[in-house]
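Please read the structure below before turning to the comments.
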Amino acid sequence: MTQSAVRGRRRADTPPRPRAAVAGPGATRRGRRAAERRGPMRQLAEIATVAGVGQKAGVALAATGLVLTVTVPTATQGATATEAASEQPQVTAAADAVVPFARAAVGSAVDPDGHLRQMLGAESAGGITPAQAQHALGAPLAAMERTSPFGRRVSPVTGSPDEFHRGQDFAAQCGTAVKAAASGTVTFAGWHPYGGGNRVVIDHGNGLETTYNHLSSFSVSVGQKVERGAAIALSGTTGASTGCHLHFEVMVNGEVVDPNGWL
């Protein structure tokens, strides 16, 4: 056997070494060059994938230039949370204790009646400031066209130059739906002997009332509960009136006030 044949046979008998097992300076340099070719965006994406965020999220973070920080809970952190929980005071109560759930009404722009009840529950209507009263009542008509205002005026009926007008007039065709300005209880529904014609009065509680006058008809009765915006009557020209309209009043502790301060 020749020497070259022996060398060839030795190569054939010796199993090749796995490439993965070779770890040397050359392999390290090749890995570093491969990482450099991947670029920072690819590296951040891989980090995000390993951290459980997902490759797409990692790429998005890399594109925006943000640095991804992943906090892994440790045994020390868990122990601290347990110790903090154990430091909370124990709340105890007798077995027969009564736990009340009553609370004051809470209102917002979405619940204007709740807001009004909250104000009236705190104090009399007379103690509500002008800023608080603004928008506390809803519109009694779908279209609010103001005509004769609250206060002194020339009477359209008698011609008196110094008549005190007790409410705010709104233009409305006869038969227009009249709505409750807020929830409450009807305390009067009938004929007003002092010029109001067909009249409805609603008590909203704690000194606040609204009245609706010169109605052609009404659909509520004394003692009835009504909600804000509920149809209670139709506008008209009954009583001391020169034409179809709604005469709307606001009373605070029995005294009329300018309705515009509440609308």
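In the numbering used here, the protein residues as written are 1 to 263. For each residue, glycine too, the CB sits at the ideal point set by N, CA and C.
- Task: Report the residue ranges of all beta strand (DSSP E) runs contained in full by the region 209-254; include only those spanning at least 3 residues, in chain order.
- Result: You should have 231-235, 245-252.
- Query: Do A133 and N206 have their CB atoms nearer than 9 Å?
  - Reply: No.
- If you drop the 5 nearest sequence neighbours on each side, which residues of the same chain put their C-beta closer than 6 Å to that of D169? Same-chain partners within the cutoff: T147, S148, H245, H247.
- Nearest candidate by alpha-carbon position, reference M119, set A231, D258, L208: With distances taken between Cα atoms, M119 lies closest to L208.
- Are the beta-carbon atoms belonging to P112 and A182 less than 9 Å from one another? Yes.
- Item | Spatial distance of S217 from Q173 (CA atoms) | S217 and Q173: Cα-Cα distance of roughly 13 Å.
- Which two residues bound the contiguous beta strand (DSSP E) that contains Q173? Taken as a continuous stretch (DSSP letters only), Q173 belongs to no beta strand (DSSP E), as it is neither H nor E.
- Residues of its chain near V257, where Cβ-Cβ distance is below 6 Å and the 5 sequence neighbours each way are ignored: Within the same chain, V257 has close Cβ partners V250.
- Considering A125, what are the terminal residues of the alpha helix (DSSP H) in which it resides? DSSP places A125 in no alpha helix (DSSP H); its state is neither H nor E.
- Message: Cutting at 8 Å between CB atoms, please list the residues of its own chain near I232, excluding the five before and the five after it.
- Response: Contacts found: V178, K179, A180, V186, V200, I202, Y212, F218, S219, V220, V226.
- Item | Beta-carbon contacts of E145 that lie in its chain and below 7 Å, excluding the five residues immediately before and after | Hits under 7 Å: F170, A171.
- Task: Determine the DSSP secondary structure at H135, reduced to helix, strand or coil.
- Result: Residue state, collapsed to three classes: coil.
- Query: Of all the options L137, A95, P130, which has the alpha carbon lying nearest to the alpha carbon of G114?
  - Reply: Checking every option, the nearest Cα to that of G114 belongs to L137.
- Query: In whole angstroms, what separates the C-alpha of S241 from that of G159?
  - Reply: Roughly 13 Å between the two C-alpha positions.
- Task: Give a yes or no on whether the minimum CB-CB distance between A180 and chain C is below 9 Å.
- Result: No chain C is part of this structure, which consists of one protein chain only.
- Compare the beta carbon distance of F188 and V154 with 9 Å and say whether it is the shorter of the two. Cβ distance not < 9 Å, so F188 and V154 don't count as in contact.
- Query: From what residue to what residue does the beta strand (DSSP E) around R153 run?
  - Reply: 151-153 is the extent of the beta strand (DSSP E) around R153.
- In terms of alpha-carbon separation, which member of E163, G127, G121, S235 lies closest to A143? Looking from the CA of A143, the closest CA among E163, G127, G121, S235 belongs to S235.
- Message: Since G196 and G239 should fall inside the 8 Å C-beta cutoff, what is the C-beta to C-beta distance between them, to a whole number of angstroms?
- Response: Rounded, the Cβ-Cβ distance is 5 Å, consistent with contact.
- Query: With 16 as the cutoff for other CB atoms within 10 Å, does G190 come out buried or exposed?
  - Reply: By the Cβ neighbour-count rule, G190 is exposed, with fewer than 16 other Cβ atoms within 10 Å of its own.
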